[in-house]
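Protein chains in written order, with the numbering used here: chain A, 1 to 480; chain B, 1001 to 1480; chain C, 2001 to 2480; chain D, 3001 to 3480.
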């Protein structure tokens, strides 16, 4: 949207989302793609060496007239046609005949797809870095709060005790999984180079002409490799003009990452509800306010990250719809990808950056967690109590007995322990058994320091976290 | 996207899409909403009359610092909070104490929702005007080509003859239906005014205080009516902070309109295929080109309109998902609407404008239509022939006989008429019947000037078109 | 899914969702469409009168071999082709030559589209009835609880007081809006009748042949009207084989209704959270349980209705995508509608029926509402207090003062009233003013029996409810 | 949908789609999950060995009352609660007390998620097999038709020559990529086992009780490993009750595969258009027909596969929306997954199976390909001609000259070669150059046996195909 300042996209403000995906970023990537191709052709001997100096002069896309290129894109339906014209005109000012050596053998889609992959690689790199920081923050929470009792909630209702560390470890595991997926997709983002209909007929003809002694196929394979390496992209098996699995693949990873951080943010919005109050965003003065209510302390970041994650599934659906691409360049499916992917990327970067901010400012109220755990007067221990009684009564009877006791406790507001005591006293098989030992074990079910297998889960997630640290370098590239 | 010039959105270039939905349009609408409220409060006697002059001074939103407001929107999660601050500061420069009379009784959502309805009303008005022009163009095509023979195609295969006028009348009918739906939704776009949680508690308290002799409920009803009339919007039954059917309603109409013009454009892309060539976009020099192939004459507008229509269903889905809005202002569902609705509006305006352009430059090659109709050597008349033969043979036998003849015609490449002749001669019941009359009738089935009920359909669509012309004025408002 | 018993769709169990949309319902509707056409042709004089008796014999679709028809549908890509064969064979058993008078002039899409409209009309009728019952229930809640204080929540945080009646009135308004939209769409569901490519060429030819004295166009218009009236459907302007706005229109209304009841259910899931406890589903023995935790009392119905509403936006998107339908019958867009619309209809009926059940079993805990309102020690009155203080201090200073007091109250846990008292005492302009009167008014802000404009909103919604009752009859048809 | 026979889903008929995803398949998988857990617990020493024999008796899910279990699922909101009851009751008939040893430590979601993974694994296995067969078929086409000239089409217009083999190789590459992605996701489908809130508190308590000498964490790790191995699923890092990246991951792969085969089918629908006629489905008698037109030969399979691929993006969007899952089991997000994933799986299997059928019955009309290539009288060679002329004229002048010649050729209907000849003769720099050599090279551009780099692309795709054959075994598991 021309002249947009992000009025309706507060989450992106102050993040790299805009910088990485704005028009000027795409124009730069398009220039990078064009020049990367020319440089590869120089190295392969298909373009004269002096073009190297011209390419250097042309490298900065901010010297081009973005507005004019955008406006002229209407006539041919894509921005590459005017870009080639503008870039060629500039090239001629440096050396006559230079424009002949730009866009050689390429079609518009080659350049726009490659540029999109460059932008996407940068976006994914930023996201991997942010996801790494987020994982670090969540790992600390998981470790520090492994013994912080908290109630686990299913379908919104208190269920059984857990620890806040375990909850954080679950967030961490999702973030790490999203990071893995994204790193793998990022590593395979390819160049696009096929010429008009994918067969590289022009390059082939030029190769025969200029390097008559080499088999053209060999020359072209060399060009493809050089082009890919120059841009830091992968080399595809075959042009993918109408095979868009690359696009849906990376888009899926972006949406998955947004969803993973969105789920974390959603939990924060729930757990910071006034009645729950277990978590809160630490707000700076002026943050989280309302235009009507001076007391408001809204979990703004959590809400905006959640909102971001609500937008990505549909954008992804548009991209999957574009898999239905006919011919050698489709009549609309390709064009429909542009805005959807770009918006998805911007939303994803903003969401992940917002989540990092959220994790860094998360206040944990362990007192409130403990108080909430106690709200149901022991009902949350029903599963454990049932397990213990089942040893003596069998599972069905135990489940039924605890169920009845729970209902009575719920209806009378008395602690489950008290109600249960009466039930146990009245139950003949229990009376006949070794009462005291059983009862002691039943009471032990109400132990807040028993977190089941929680620690093991936390440790597994932390190990995964440490493992990943070693395999992704700071530029976002998987190492080893 | 800040600094965006539409590089990746060529279809919007040169349309009003950007102008109507850009940040500055939203900021203006937000100012319109704030001032509309203040003016309504003046009229109702709740704000002093001198604020009228201040409002005049504040009316031009371009005097505000859009970038600052956008940036400050991050802290509270929406742009209204900083807008109120900036607008208030400007108001104070005109008269001390003026800021007290801005945003009275309103919450952020009241202003942003009302502003969104204003933007949407303008967008829908533009679309109705464009759809009207498009309908005019399609009506001319339908009328002029009612006797232009063309083959009807089902599942991509030649089916039976039709006329190009009938095809155009079908496009017309869809456009008129979309226009009707849009006009109805546009007419019911409401203001939003509820205060913090919808109960207008503050306005109620102010009304009691300042107009102690009137029942506050009556004063507020007056304010609601005045506010709505000032902005040209409807008055809702009750605030709709978390009842978003208004949003999905208008969005559905926008998506339906985009789909209707998209279907027209899709037909153009198909019918302008090189092998079909019945329609083509009249291209100006430089249009429809390729960066690789100098001969290319791409149906660029048709392709871009089709691409636009591929993007709207998913945006609509995001808005329908936001119907799940909890509490008195939800934690994300509302925020997720902003970008989706705005993008939908921009895409819809661009698509409809593109379709007008396409209709205005559509070349119809009736010679090619006739030639294509003849491609299958008469097979497209199989349905009619069957009907005639069924009178003598019964339907099942006629269907079978024509089926066998068609298969033979298809396999041998001979005209259906020739093959059929032999079949009829060999068929005993036919031989026994009054051969000549039947055969004459069979041959009449191959008559290209018989369009069945096509004319009646065209006339119905044209009548609908003329009827609608009277009921929508140029501003887009239905006129009784 | 053959042999499905609803294992993964518990919400549909016990509703009419299945009965209305199962294969046998579609087969019956297809038979209804075929016979409706034949009967219309009899009335118009194009088919002999004795076919009326045959049609009576054929009316019950359960006499057909559904499994065989389904299986044979693969060859031609739709179930109408085998249906015509099976129906014709049965017809011949009643009278030789009868099959000639079935499916006259129709194409497969005519029958399947018309049948789909019949199913949809029945679905929408059921939904209108259920929405009516739901509205009745919500209207009672709105009226009875107009003076039940409750906290309004924005972004999950306590905001300002409201009444539970007002919240229920907002649900009611959404339900009524959804009902209006659905009734309007239902009333315009049309027949489909165009023949192979929409021009009714065959019917036209038959009309000329059999009624040579009437203009064929007039005969056909008669048939269209008779066909529509027999089936209780509307007559379209022109066949809509590739203009699918009818489908997206009714689907939008179904999705809107599902969203409206989903929002109600979502509020119930939130308000029945253990920590909130203001609402709960009255559970019968065995309901709301868990396989692991005997104490669990899950808001199962609310959860399942919410889940239903999460599924509809995407189904709707598929249908909007099918607006892009090319030619006279598209290569996939039409076929992609079938499952999406049917599933949408089943989900919508189940959701609305579930919501009726939920409303009927909703326990309201007004004591808990009052207790929650008090949780923040008066912070929720900050908006009202600010309004009152603004009269003396101006809005900005009042907002700032209450903001500071709220922060202190929040941090120290002391009641806002207490903290504010000290602030007011320390503020010189306030000291100079008529302290007692102002202070009295400030304290009045904390009045729980002042619901602002809430009653007026409730009354408006209730009037809308009563008004609608008069305009929709029990069959779901709007009555002037 | 109970009693559904696939009336509205012709593509699934005759495939394994139904069998793999119907209710009975899910019920069996749920039983497999329950018994797999019990057997793992036996092996770990937590359940007595005699339960092994009981498990054998219980293994066949068809002995359970599916309808009753489905109906009873409404009360608790999921089918596991009644399953446990029914399974337990049957267990008791074999040995008293046996029911105590079922569902030990598990929550409903553990069983349903694990069962879903089992179903999904079977679905993915079937799809890998079908994709393998499809790849084989496409590989043959790619290889056999590497020298079959065909026109490449961009935006529906003739662009440049290619070979049909190259087009087939592009389909093949997409299918192989989809297969890779699916195989990778399939290999990592995990069990779910966490108990009520993920901490395995009950199992932990039982482990302490029954194996007091082993650390419970070690016992549980053993159980997790045994459970996973028994079911052939992976072991997750931590329970994934609300981390649904596993679901979106496999669903993305299923949608990608459907999209890949959908793109192939879409190309077939286009290339079998009457005017193009390069491909056709070989139809058996009775296939591809119409209910109205006896001559119709519709590409039914291609259309149905395309239609399938139009439905998957939205289903995927629903699943991505469910990433926003709060707490330890969400209030709707999880429930909304069930139908979406199951439908996606059914559609995906049907689509891939349909594509196999389509490839097996694809008739290639190479004569028609050649004829179509000639339709534009040489315009499709414009890119190549420009390349050659650019050597003498520079790129811009060559592009302009060929552009003007193409336009004249297009407008006059004369062959490009003829028009160009005149242009070359009139162009002075060309006249001055070594005319004959240049002209010879220009004419060589019109060589139909030069496919550029096409062969190399085909070979790369075929190598990928052969490579994959070795790494996926017939059960669908990647080997080595």
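Every residue gets a Cβ at the ideal spot worked out from N, C-alpha and C, and that includes glycine.
Backbone CA spacing between residue i and residue j [nearest angstrom]
i: residue 3370 of chain D; j: residue 3151 of chain D; result: 8 Å
i: residue 1043 of chain B; j: residue 1223 of chain B; result: 8 Å
i: residue 3057 of chain D; j: residue 3211 of chain D; result: 27 Å
i: residue 3238 of chain D; j: residue 3199 of chain D; result: 9 Å
i: residue 49 of chain A; j: residue 104 of chain A; result: 15 Å
i: residue 3197 of chain D; j: residue 3109 of chain D; result: 10 Å
i: residue 2096 of chain C; j: residue 1300 of chain B; result: 57 Å
8 Å CB neighbourhood of residue i in its chain, flanking five on each side removed
i: residue 18 of chain A; result: 6, 12 and 346
i: residue 2123 of chain C; result: 2020, 2021, 2254, 2345, 2348 and 2349
i: residue 3252 of chain D; result: 3181, 3185 and 3316
i: residue 2336 of chain C; result: 2318, 2321 and 2322
Enclosing alpha helix (DSSP H) for residue i [first to last residue]
i: residue 2117 of chain C; result: 2108–2144
i: residue 1395 of chain B; result: 1395–1412
Whole-angstrom C-beta distance between residue j and residue i, which should lie under 8 Å
i: residue 1388 of chain B; j: residue 2205 of chain C; result: 7 Å
i: residue 358 of chain A; j: residue 265 of chain A; result: 6 Å
i: residue 1291 of chain B; j: residue 1281 of chain B; result: Residue 1291 of chain B to residue 1281 of chain B, Cβ: 19 Å. No contact.
i: residue 508 of chain A; j: residue 3189 of chain D; result: Residue 508 of chain A is absent from the structure shown; chain A starts at 1 and stops at 480.
i: residue 2174 of chain C; j: residue 2263 of chain C; result: 6 Å
Beta-carbon contacts of residue i that lie in its chain and below 7 Å, excluding the five residues immediately before and after
i: residue 3465 of chain D; result: 3135, 3139, 3172 and 3176
i: residue 3153 of chain D; result: 3159
i: residue 1343 of chain B; result: 1315
DSSP state of residue i mapped onto helix, strand, coil
i: residue 1362 of chain B; result: strand
i: residue 2165 of chain C; result: helix
i: residue 2092 of chain C; result: helix
i: residue 1157 of chain B; result: strand
i: residue 2285 of chain C; result: coil
i: residue 2369 of chain C; result: helix
i: residue 2151 of chain C; result: strand
i: residue 3252 of chain D; result: helix
Same chain only: Cβ atoms within 6 Å of residue i, ignoring 5 sequence neighbours per side
i: residue 1141 of chain B; result: 1168
Min CB distance residue i to chain E below 7 Å
i: residue 1394 of chain B; result: Annotation note: the requested chain E is absent from the structure, which comprises protein chains A, B, C and D.
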